[in-house]
Amino acid sequence: MFTIHTSVPGQEKGHIVLRQFEDFEWLHHNLIVSNNIEGVIIPPLPVKPLSDPKSAEALSRRQLGDHTRVLRGDQFETDCKAFQKYLQLMLCHHVFGRDKNLASFLTDNEAPVRARVNKGIMNRLTNALDNARKGNHKDVDDYFTAQRHFANEYSKAAKEASLNFNKLLVAQWRLSSQYRILATELTSCEAERDESLVKLNRILKLLSEGCEDEAACYELKSGQGEMTLGLYFDLMARYSESLKDMHFRRTCSLIEFQTAEKAVEKAKPIKKAALQEVSDAAKKSFEASSEQAKKEITSFTQLRLLNSSEALSKYAEIQMKISQDFYSQLFHSRKALLELQL
Numbered sequence: 001m002f003t004i005h006t007s008v009p010g011q012e013k014g015h016i017v018l019r020q021f022e023d024f025e026w027l028h029h030n031l032i033v034s035n036n037i038e039g040v041i042i043p044p045l046p047v048k049p050l051s052d053p054k055s056a057e058a059l060s061r062r063q064l065g066d067h068t069r070v071l072r073g074d075q076f077e078t079d080c081k082a083f084q085k086y087l088q089l090m091l092c093h094h095v096f097g098r099d100k101n102l103a104s105f106l107t108d109n110e111a112p113v114r115a116r117v118n119k120g121i122m123n124r125l126t127n128a129l130d131n132a133r134k135g136n137h138k139d140v141d142d143y144f145t146a147q148r149h150f151a152n153e154y155s156k157a158a159k160e161a162s163l164n165f166n167k168l169l170v171a172q173w174r175l176s177s178q179y180r181i182l183a184t185e186l187t188s189c190e191a192e193r194d195e196s197l198v199k200l201n202r203i204l205k206l207l208s209e210g211c212e213d214e215a216a217c218y219e220l221k222s223g224q225g226e227m228t229l230g231l232y233f234d235l236m237a238r239y240s241e242s243l244k245d246m247h248f249r250r251t252c253s254l255i256e257f258q259t260a261e262k263a264v265e266k267a268k269p270i271k272k273a274a275l276q277e278v279s280d281a282a283k284k285s286f287e288a289s290s291e292q293a294k295k296e297i298t299s300f301t302q303l304r305l306l307n308s309s310e311a312l313s314k315y316a317e318i319q320m321k322i323s324q325d326f327y328s329q330l331f332h333s334r335k336a337l338l339e340l341q342l
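Number 97 in the UniProt record's numbering belongs to position 97 of the sequence shown; there are no gaps in the numbering.
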């Protein structure tokens, strides 16, 4: 369940509403079906969050191993950031930002009554077949030919970057787990009265504290990395699919226009006038889609570059601060070890 705080210009008090994922899903569906999305790059809906602690624990063990000494916490804060970004993108969008469904979603106390969104396997198969059949249709505009190629290549790169960065985050958690195991083992020796063993335990205790500090450092780096660059890579990976979908819808519009043109050429005189009207309407729709698509591509490019700059800067800034803080702790541990009187 998400708590959404919304402020409205001209109103002293804002609105506080509670929404769950299915409400976001229903909103996304209504925004799409209630508006003309030809040539529009639709801001992507975040994935469904893990619903219970057991699911989060199971995912953590799959990533870190069954024998891990640490478990990643739930991703609720990350999910909140992702859905906040989604709402911001929708509100700033020139098409969806004015939709009454979005306004009601943010201000009405009760969530809208929703129906089940059809996501059956037949729909997915139909979409896959349409993509395979129409996706490579030759374009009549060199600009869109180049942009469609870019969209395909960018989608691959964005997904690969997101996947590899998540692997890095998991690797940091795994390393943290190993440091904690080592820290525990270093303090597992029994304290005997033997003088040499007592001295050894004093050394091992300091080493154990250093390992604990390193473990905490990697956990913090991973968590903050997920909140900055991880969110950006995930957003762009999903946005790249929206970009490809926009190109596909425009290609379908082009195919409809070309089909209508051919029908006019082959039509008998008695049917030619009616088919010409269909062709003119298809042409108008295709041209409007192309014009809108160019604007959307420009906006998406600006969004992509701005967000990448902000995410990279924030990531570097936080990672540097974490490293400096824990360097200071390790320095004091090393100093204590060197000053230890044996």
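Cβ atoms here follow ideal geometry from the backbone N, Cα and C, with glycine treated the same way.
All of these numbers come straight from a predicted model, not from anything done at the bench.
Distance CB(residue i)-CB(residue j) smaller than 9 Å
i    : j    : result
R174 : E212 : no
Y86  : L45  : yes
D325 : A82  : no
E241 : G39  : no
S290 : I41  : no
Q172 : Y218 : yes
S328 : G210 : no
N101 : N30  : yes
A260 : K283 : yes
Helix, strand or coil at residue i [DSSP, three-state]
i    : result
T6   : strand
V140 : coil
H93  : coil
I16  : strand
E339 : coil
S188 : coil
A111 : coil
Q11  : coil
From the options, residue whose alpha carbon lies closest to that of residue i
i           : options                   : result
A216        : L18, I203, Q178 and F76   : Q178
V278        : S308, R202, K295 and K262 : K262
E317        : I255, G225, L337 and F331 : G225
A293        : V95, L197, Q20 and D99    : V95
A151        : S7, T78, A336 and K244    : K244
Y154        : T107, A237 and D141       : A237
L207        : F286, G14, T78 and L330   : L330
V264        : F76, T3 and Q276          : Q276
C252        : N136, L338 and D108       : N136
L27         : M90, D142 and S7          : M90
A288        : K321, I37, L197 and L18   : I37
residue 344 : Q258, T107 and T78        : Given that the chain is displayed from residue 1 to residue 342, the structure contains no residue 344 and the question cannot be resolved.
Exposed unless 16 or more other CB atoms sit within 10 angstroms - verdict on residue i
i    : result
E185 : exposed
G230 : buried
N164 : exposed
I16  : exposed
R98  : exposed
Checklist entry - Unbroken beta strand (DSSP E) runs of length 3 or more, entirely within the stretch 213 to 275: which are they? => result Qualifying beta strand (DSSP E) stretches: none in this window.
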